[in-house]
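K.L.:
Provided herewith is a single structure, encoded as structure tokens, for subsequent inquiry.
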Amino acid sequence: MNDTTLKYFKQQLPGLAGGYTLDVPDCAIKLNQNENAWDWPAHLKQEVFERVRDLPWNRYPPFTPDAFVGKVAAHIGAEPGQVLVGNGSNELLYSVFVSTLERGRKVVIPQPTFTVYKLLADLLGADVETAGLDDELQYDSAALEKAAEDAAVVVLATPNNPTGSVIDPTDLEHLVNTSGALWVVDEAYFEFHGETAIELTRSCRNLVVLRTFSKALATAGLRFGCMVCHPEARPIFGAAKLPYNLNIFTMAAVETAIENAVTMKTRVEETKRERDRIARKLREYTGVKVYPSRANFILFETERSPRDVWKAMVERGVLIRDVSGYPRLGKALRVSIGRPEENDAFIKALEYAMTVVA
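Count along the sequence shown from 1, then add 645; that gives the number in this note's numbering.
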């Protein structure tokens, strides 16, 4: 990139080149992206195909898909006037940040957490403060309250990725009600935890809740998310959202998922049982520290080089996530919870890696 090209970009942009990256070697067992381990049943896929087949593909989707939004709102326990839908919750996070952040405004993003939060904040030139997690990577409400005093926005993932930690609902309610900042609560892993801040959005104008269908409802490849906020804030956030951001295939799939939510969520309890089983197994190993998780993944540390452990596991066909490059996680790896046989293969590959890595 020469000087002529660079002059067109914002000052902070060249330093962010590359953005969100992911190392994904080809492995038979993939436990690195917190995906649902079970795909849709064939008959539900066929139902989606049949719904879309009869729709006009030459026409745009509804400009305001009110009926669709109503179904989503009912499913998550919100009013339609509170809900915006998007091409994944990341798109809606971007809309929230574009609406609120700029150079000179402060955003609190406890670290470590989902890296896209800071990437977008840096892109917009905001000042980032990383307070809010204690030495055990649990939420520190007092630290959050202090950091929020002069902040425009505070972003909390609960359960947090990659730590698995959650914020106490009573603490969150106090923070939102006593703060002048906008609180963005990402509940991507809500179904594995069960506690939500959606009810608070009915009365609190300074709260946004993000949800995704990628995890429990197994639609990661379809890209769908939604956000819930106070009805007065919804049209303002909506102004920062691109029109026609959802295609007819995604909407048909989401409606099918909602109508079959009981079937789609049958694996949630199994995933939670497997998470607890694997956590117990990991705690049996000397030199391994396991962090408590309320999501569909486990963060753990090893005395051995995380990158070398990761490589050794890839050799055995098991892909997990090396998160040692995250702030405060120099010894850490993260494993998504898969099917029982995949989790067993993870344990065997880890045992191998622990013996070959010095």
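Idealized CB from N, CA, C, for every residue including glycine.
(1) In the DSSP assignment, find the unbroken beta strand (DSSP E) run with Val-798 in it and report its ends.
(2) Starting from Ser-981, follow the beta strand (DSSP E) in both directions and report where the run begins and ends.
(3) Based on the DSSP output, what are the partners of Met-872 in its beta bridges?
(4) Taking the CB atoms as reference points, tell me whether Val-728 and Val-829 lie closer together than 8 Å.
(5) Can you give, in chain order, each stretch of the alpha helix (DSSP H) that sits fully within the segment 693-722 and has at least 4 residues?
(6) Where Ala-682 and Gly-870 are concerned, what is the direct C-alpha to C-alpha distance, given to the nearest angstrom?
(7) Would you mind sorting Leu-978 into buried or exposed? The rule is 16 or more other CB atoms within 10 Å of its CB.
(8) Short of 7 Å in beta carbon distance, which residues of its chain neighbour Lys-690, apart from the five on each side in sequence? Order them along the chain.
(9) Under a CB-based cut-off of 8 Å, is Pro-972 close to chain B?
(10) Restricting to Cα atoms, I'd like to know which of Val-730, Asp-772 and Val-761 is closest to Pro-888.
(11) Less than 8 Å between the beta carbons of Ala-771 and Glu-747, yes or no?
(12) Thinking just about the alpha-carbon of each residue, which of Arg-939, Ala-897 and Met-896 is nearest to the one in Glu-914?
(13) In the DSSP assignment, the alpha helix (DSSP H) including Lys-993 goes from what residue to what residue?
(14) Is Asp-779 buried or exposed, if buried means 16 or more other CB atoms sit within 10 Å of its CB?
(15) Under a three-way DSSP split, which group does Ile-881 fall into?
(16) Go through its chain and collect everything with a Cβ distance to Leu-974's Cβ below 7 Å, but skip five positions before and after it.
(17) With distances taken between CB atoms, is the gap from Val-799 to Val-761 smaller than 8 Å?
P.N.:
Answer, in terms of the structure:
(1) 798-802
(2) First-last of the beta strand (DSSP E) with Ser-981: 977-981.
(3) Leu-729 and Leu-855
(4) no
(5) 711-721
(6) 19 Å
(7) buried
(8) none
(9) In the displayed structure, chain B is absent; only one protein chain is listed.
(10) Val-730
(11) yes
(12) Arg-939
(13) 985-1001
(14) Under this definition Asp-779 is an exposed residue.
(15) helix
(16) Correct list, in chain order: Pro-757 and Val-968.
(17) At least 8 Å separates the beta-carbon of Val-799 from that of Val-761.
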